[in-house]
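Student:
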Amino acid sequence: MVTPRMKNECAIAVFARAPIPGEVKTRLIPRLGAEGASKLHEKLVEHMLETATRTGLGPVSLWCAGPIEHAYFQLCSRRFGVGLAGQADGNLGERMLAVFSAAAGAPTLLVGTDCPSISRAHLRACVDALNDGADAVFLPAEDGGYGLVGMTRPIPEIFLDMVWSTDEVMNETRRRLRA
Numbered sequence: 345m346v347t348p349r350m351k352n353e354c355a356i357a358v359f360a361r362a363p364i365p366g367e368v369k370t371r372l373i374p375r376l377g378a379e380g381a382s383k384l385h386e387k388l389v390e391h392m393l394e395t396a397t398r399t400g401l402g403p404v405s406l407w408c409a410g411p412i413e414h415a416y417f418q419l420c421s422r423r424f425g426v427g428l429a430g431q432a433d434g435n436l437g438e439r440m441l442a443v444f445s446a447a448a449g450a451p452t453l454l455v456g457t458d459c460p461s462i463s464r465a466h467l468r469a470c471v472d473a474l475n476d477g478a479d480a481v482f483l484p485a486e487d488g489g490y491g492l493v494g495m496t497r498p499i500p501e502i503f504l505d506m507v508w509s510t511d512e513v514m515n516e517t518r519r520r521l522r523a
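According to the numbering used here, the stretch in the sequence shown is residues 345 to 523, in order.
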C-alpha cells in the first residue's frame, strides 16, 4: 500500500472483488444475469476509483479479492493510476484490519464499492475529521453497516469477532468504540 506523503494527505484504499460472472453481485443475478451483475460490479468499482482519485487527497490503492494479476485489476491500475494490493485472508473484519495495519499509523480511508452515493465531498469531510483529531470516521449505510471507515491507527477491537452482514454492524461498532 502506498502511504501518504504530506501531513494533510490521506491514503484511500478501495476494496473490490474480481468481476467474475456468477461470483459478484449474486443477489442481482436473478434480475441481471451473471454477466449483467458482473458488469454492474465493474461500473461500481470504476465509479469509486474515479471518485477517490479525483479528490486529490492522497494515494489511492485498489485492494483486490482475487488475483492481483486479474486483467480487470490491471486495467484499473493503468486507467486510474492506482496501486494494487491483495486483500488479506480471513473474514471481512480481518481483511479491513490488515489495511489499517499496513498503513502503519498513517491516516487512511477504506471504502467499498457498494455505496455509489459516497462523493468526493464525503471523502474530504472524512479526511478533515481525521486531520482534526478523530481516531476514526464512518459513513453509515442504510443496511445497518457502513460504506467507509477511516482511521489514523488500527483499532482491532472494532473488527475482530464481529458478526458481519447484519443490520447491527454499525450499532455494534459504535458500542465497541465507546467501550
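Each residue gets a CB set at the ideal place from its N, CA and C atoms; glycine is no exception.
List the whole-angstrom C-beta distance separating residue 378 from residue 366, where the pair is believed to meet the contact cut-off of C-beta under 8 Å.
Tutor: Contact holds; Cβ gap of about 4 Å.
Student: When the Cα of residue 443 is compared with those of 380, 503, 507, 521, which residue comes out closest?
Tutor: Here the closest residue by C-alpha is 503.
Student: Got a sec, what are the start and stop residues for the alpha helix (DSSP H) residue 399 sits in?
Tutor: Run containing residue 399: 373-399, per the alpha helix (DSSP H) assignment.
Student: For residue 517, name the three-state secondary structure that DSSP assigns.
Tutor: It is helical.
Student: Among the candidates 495, 476, 489, 362, whose CA atom is the shortest distance from the CA of residue 511?
Tutor: It is 489.
Student: Closer than 8 Å by C-beta to residue 514: which residues in its own chain qualify, once you throw out the five before and the five after it? Chain order, please.
Tutor: Only 482, 484, 485, 488, 489, 490 meet the Cβ criterion.
Student: DSSP beta-bridge partners for residue 405?
Tutor: In DSSP, residue 405 forms a bridge with 357, 427.
Student: Distance check for residue 397 and residue 464, CA to CA, integer angstroms please.
Tutor: Going by the C-alpha atoms only, they are around 9 Å apart.
Student: Is the CB-CB distance between residue 368 and residue 392 below 8 Å?
Tutor: No, the Cβ-Cβ distance between residue 368 and residue 392 is not below 8 Å.
Student: Can you check which of these residues, 498, 436, 471, 456, is closest to residue 385 by C-alpha distance?
Tutor: The residue with the shortest Cα to Cα distance from residue 385 is 456.
Student: Between residue 428 and residue 408, which are expected to be in contact by the criterion C-beta below 8 Å, what is the C-beta distance as a whole number of angstroms?
Tutor: About 6 Å separates the two Cβ atoms, so the contact holds.
Student: Got a sec? Which residues, its chain only, sit under 6 Å from residue 473 by beta carbon, not counting five neighbours each side?
Tutor: Closer than 6 Å at the Cβ level, and outside the excluded window around residue 473, lie 481.
Student: Distance check for residue 412 and residue 426, CA to CA, integer angstroms please.
Tutor: Taking the straight line from one Cα to the other gives about 12 Å.
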